[in-house]
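What follows is one structure encoded as structure tokens, with my remarks underneath.
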Amino acid sequence: KENIDDFLTCNGQLDLLIDECDSFDIKILLREKAKSYGIPVMMDTSDRGMLDIERFEKDPTIEIFHGYLKGLDRKDLKDLPNKEKVAIVLKITGLETLSPRMKASLLEVGQTITSWPQLASGVFLGGASVAHFARRLLLGENLPSGRFYIDFDEIIPIQQENSFDIKSLSESSSNDQSGFLQMIPDDILQSPYPIDLTQLKHLIEVANLAPSGGNIQPWIWVFDRKGNLHLFHDQIRSESLLDYNGTGSLVAFGAALENIRLFASSIGLEIEILEHIHSFGEKLIASVRFLTKLNQPILVPHIDLVDGIALRCTNRKNASRTLISQGQLSGYVKFAKEEGLELTFVQEKDDLEKLAKVVG
12 KENIDDFLTC NGQLDLLIDE CDSFDIKILL REKAKSYGIP VMMDTSDRGM LDIERFEKDP
72 TIEIFHGYLK GLDRKDLKDL PNKEKVAIVL KITGLETLSP RMKASLLEVG QTITSWPQLA
132 SGVFLGGASV AHFARRLLLG ENLPSGRFYI DFDEIIPIQQ ENSFDIKSLS ESSSNDQSGF
192 LQMIPDDILQ SPYPIDLTQL KHLIEVANLA PSGGNIQPWI WVFDRKGNLH LFHDQIRSES
252 LLDYNGTGSL VAFGAALENI RLFASSIGLE IEILEHIHSF GEKLIASVRF LTKLNQPILV
312 PHIDLVDGIA LRCTNRKNAS RTLISQGQLS GYVKFAKEEG LELTFVQEKD DLEKLAKVVG
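First residue of the sequence shown: 12, per the working numbering; consecutive thereafter.
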């Protein structure tokens with residue numbers, strides 16, 4: 012930043028500036044200075060072979076980055092973490108012009124990858140296109156400002172052998188809850204305690220903190236005229252190979268109902284949970300009746316765990332293996348037995364490797 016004017020003008024002004032800088036604040040500063048000096052700027056991205064040309068020496072009214080970053084202050088872009096840089100990348104490139112692979116990759120920045128990916132073939136293509144058109148610009152040819160693509164996947168389209176119909180959200184049952192309303196059981200007695208909407212909203216917010224695969228939250232909550240709360244499976248939201256027969260969602264429903272049980276007891280709200288589901292694929296999971304409200308907490312089993320409901324942490328780092336202690340494992344087995352379940356652990360390395368192949 013301190014020597015940028017010298018960089019552009021010392022010993023004679025640059026004829027062309029080629030931007031290969033990673034810092035967004037410097038990218039903008041370079042263009043601001045180049046525009047003031049009347050220096051053309053070129054930049055390439057390896058995705059779809061995009062070449063960006065700004066002929067500031069021909070037209071000083073051209074907006075920086077063709078106006079895509081209009082309204083952004085470069086001071087706010089300094090030292091951004093990679094995850095926050097994604098939004099700026101999308102502004103610079105334009106979401107609609109990104110390749111499908113890059114769109115998918117940007118969602119994983121900060122999760123499974125540290126930065127946006129580049130292939131050597133794409134980098135070499137970018138270098139070649141910049142070299143070719145920089146030569147023509149420097150020879151005085153009338154190269155226009157704008158964005159241009161040398162997209163090999165468009166030049167030689169590859170026919171995909173397998174295609175899948177992806178259901179849009181507009182097809183989701185979430186948008187038509189009349190089906191769920193028809194499933195509300197009519198043989199459940201009215202809740203004796205008339206819970207107010209503020210308490211109800213807080214209770215559902217706590218329930219929604221329950222973990223679910225991919226945080227898809229595959230539930231629909233319906234509060235009926237009898238004052239009962241019903242839990243339904245929104246199967247469109249959880250449609251996934253990793254949720255075979257809804258088994259993953261069932262775990263999430265159990266966690267959500269447990270959150271309700273613990274939190275309601277902590278505020279002195281006595282409830283009754285009626286489980287309805289008997290086989291895979293059913294949509295009506297459970298109903299909650301509100302019985303009475305006390306002035307002190309109700310001491311239900313494991314009520315101390317209520318303080319951990321809002322504690323969430325996701326760690327995707329591939330750390331070295333640390334075994335769970337036998338004491339903790341015994342505690343999990345005990346919890347399961349209280350609900351009439353049997354819990355089995357897989358710990359041997361060979362068994363884990365076989366399981367990893369199945370999961371992978």
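Backbone N, C-alpha and C fix where the C-beta goes; we use that ideal spot for every residue, glycine too.
(request) Starting from residue 298, follow the beta strand (DSSP E) in both directions and report where the run begins and ends. (result) Here residue 298 is taken as the residue at index 287 of the sequence shown, counted from 1. Segment 295 to 304, the beta strand (DSSP E) holding residue 298.
(request) Determine contact between the region 56 to 70 and the region 155 to 167, defined as no fewer than three beta-carbon pairs at a distance below 8 angstroms. (result) yes
(request) Decide if residue 76 is buried, meaning its Cβ has at least 16 other Cβ atoms within 10 Å, or exposed. (result) The residue given as residue 76 occupies position 65 in the sequence shown. That one is buried.
(request) Pick out whichever of 137, 163, 241 has its Cα sitting closest to the Cα of residue 57. (result) By one-based count along the sequence shown, residue 57 stands at place 46. When each option's Cα is compared against that of residue 57, the closest is 137.
(message) Taking a contact to mean a Cβ-Cβ separation below 7 angstroms, would you say residue 239 touches residue 202 in this structure?
(response) Against the sequence shown, residue 239 aligns to sequence position 228. Against the sequence shown, residue 202 aligns to sequence position 191. Contact flag set, yes.
(message) Output needed for residue 117: all residues of its chain with C-beta closer than 8 angstroms, excluding positions within five of it in sequence on either side, in chain order.
(response) On the sequence shown, residue 117 is found 106 positions in, with the first residue counted as 1. Once the five neighbours on either side are set aside, the close Cβ partners of residue 117 are 97, 100, 101, 109, 127.
(request) Tell me where the alpha helix (DSSP H) around residue 213 begins and ends. (result) As a first step, residue 213 must be located in the sequence shown, where it is residue number 202. That run of the alpha helix (DSSP H) goes 208 to 218.
(request) Please classify residue 343: does DSSP put it in a helix, a strand, or coil? (result) Locating residue 343 in the sequence shown gives position 332, where the first residue counts as 1. Three-state DSSP puts residue 343 in a helix.
(message) For residue 220 and residue 37, what's the separation of their Cα atoms in angstroms?
(response) Along the sequence shown, read from residue 1 onward, the residue named residue 220 stands at position 209. Along the sequence shown, read from residue 1 onward, the residue named residue 37 stands at position 26. Using only the alpha carbons, I get a separation of about 40 angstroms.
(request) Go through its chain and collect everything with a Cβ distance to residue 356's Cβ below 7 angstroms, but skip five positions before and after it. (result) The residue labelled residue 356 in the question sits at position 345 within the sequence shown. Cβ within range, chain order: 340.
(message) Given this structure, state the Cα-to-Cα distance separating residue 114 from residue 312, to the nearest angstrom.
(response) Counted from its first residue, the sequence shown places residue 114 at position 103. Counted from its first residue, the sequence shown places residue 312 at position 301. If I take the Cα positions, the gap works out to 47 angstroms.
(request) Could you give the DSSP three-state label for residue 135: helix, strand or coil? (result) By 1-based counting over the sequence shown, the position of residue 135 is 124. Correct three-state label for residue 135: helix.
(message) For the region 302 to 309 against the region 326 to 337, do three or more pairs of beta-carbon atoms, one drawn from each stretch, fall closer than 8 angstroms, so that the two count as touching?
(response) no
(request) Report yes if the CB atom of residue 268 is closer than 7 angstroms to the CB atom of residue 284, and no otherwise. (result) For the purposes of this step, residue 268 is identified with residue 257 of the sequence shown, where counting begins at 1. For the purposes of this step, residue 284 is identified with residue 273 of the sequence shown, where counting begins at 1. Contact: yes.
(message) Taking its Cβ as the centre, do 16 or more other Cβ atoms sit within 10 Å of residue 45, making it buried, or is it exposed?
(response) For the purposes of this step, residue 45 is identified with residue 34 of the sequence shown, where counting begins at 1. Answer is buried; the Cβ neighbour count reaches 16.
(request) Can you tell me which of the three DSSP states residue 97 falls into? (result) Numbered from its first residue, the sequence shown carries residue 97 at position 86. Of the three classes helix, strand and coil, the one that applies to residue 97 here is helix, per DSSP.
(message) Only counting the same chain, and skipping five residues up and downstream in sequence, which positions put a Cβ closer than 8 angstroms to that of residue 399?
(response) Since the first residue shown for the chain is 12 and the last is 371, residue 399 is missing from the structure and cannot be characterised.
(request) Could you have a look at residue 53 and say whether DSSP puts it in helix, strand or coil? (result) Position 42 of the sequence shown, counted from the first residue, corresponds to residue 53. The answer is strand: DSSP assigns residue 53 an E or B state.
(request) Given a cut-off of 7 angstroms, decide if residue 223 and residue 275 are closer than it, judged by their beta-carbon atoms. (result) Locating residue 275 in the sequence shown gives position 264, where the first residue counts as 1. Locating residue 223 in the sequence shown gives position 212, where the first residue counts as 1. It is not a contact, given that the beta carbons lie outside the stated cut-off.
(message) Looking at the secondary structure, which residues open and close the alpha helix (DSSP H) in which residue 272 lies?
(response) Position 261 of the sequence shown, counted from the first residue, corresponds to residue 272. Per DSSP, residue 272 belongs to the alpha helix (DSSP H) from 258 to 277.
(request) Check whether the Cβ atoms of residue 35 and residue 106 lie closer than 7 angstroms to each other. (result) Sequence index remark: in the sequence shown, residue 35 carries index 24 (1-based). Sequence index remark: in the sequence shown, residue 106 carries index 95 (1-based). Result no, Cβ atoms of residue 35 and residue 106 do not sit closer than 7 angstroms.
(message) Just to confirm my understanding: we take residue 20, look at its own chain, exclude 5 residues before and 5 after, and list those with CB closer than 8 angstroms. What are they?
(response) Taking the sequence shown and counting its residues from 1, one reaches residue 20 at position 9. Around residue 20: 48.
(message) Out of 112, 23, 231, which one is the CA nearest neighbour of residue 216?
(response) The residue given as residue 216 occupies position 205 in the sequence shown. Of 112, 23, 231, the residue nearest in Cα terms is 231.
(request) Give the range of the alpha helix (DSSP H) segment to which residue 113 is assigned. (result) Counting from 1 along the sequence shown, the entry for residue 113 is found at position 102. Run containing residue 113: 111 to 117, per the alpha helix (DSSP H) assignment.
(message) Quick check on residue 37: does DSSP put it in helix, strand or coil?
(response) The sequence position of residue 37 within the sequence shown is 26, counting from 1. Correct three-state label for residue 37: helix.
(request) Determine the extent of the alpha helix (DSSP H) in which residue 354 is found, giving its start and end residues. (result) Stepping through the sequence shown from its first residue, residue 354 is reached at position 343. Where residue 354 is concerned, there is no enclosing alpha helix (DSSP H), given that its DSSP letter is neither H nor E.
(message) To the nearest angstrom, how far is the alpha carbon of residue 266 from that of residue 14?
(response) Residue numbering aside, residue 266 sits at position 255 when the sequence shown is read from its first letter. Residue numbering aside, residue 14 sits at position 3 when the sequence shown is read from its first letter. Distance between the alpha carbons of residue 266 and residue 14 is about 58 angstroms.
(message) Counting C-beta neighbours from all protein chains within 10 Å, is the total for residue 180 16 or more, i.e. buried, or is it exposed?
(response) If you number the sequence shown from 1, residue 180 lands on position 169. Confidence at residue 180 is low in this model, with a pLDDT of 47, below 50, so the placement of that residue is unreliable and no value is reported for it.
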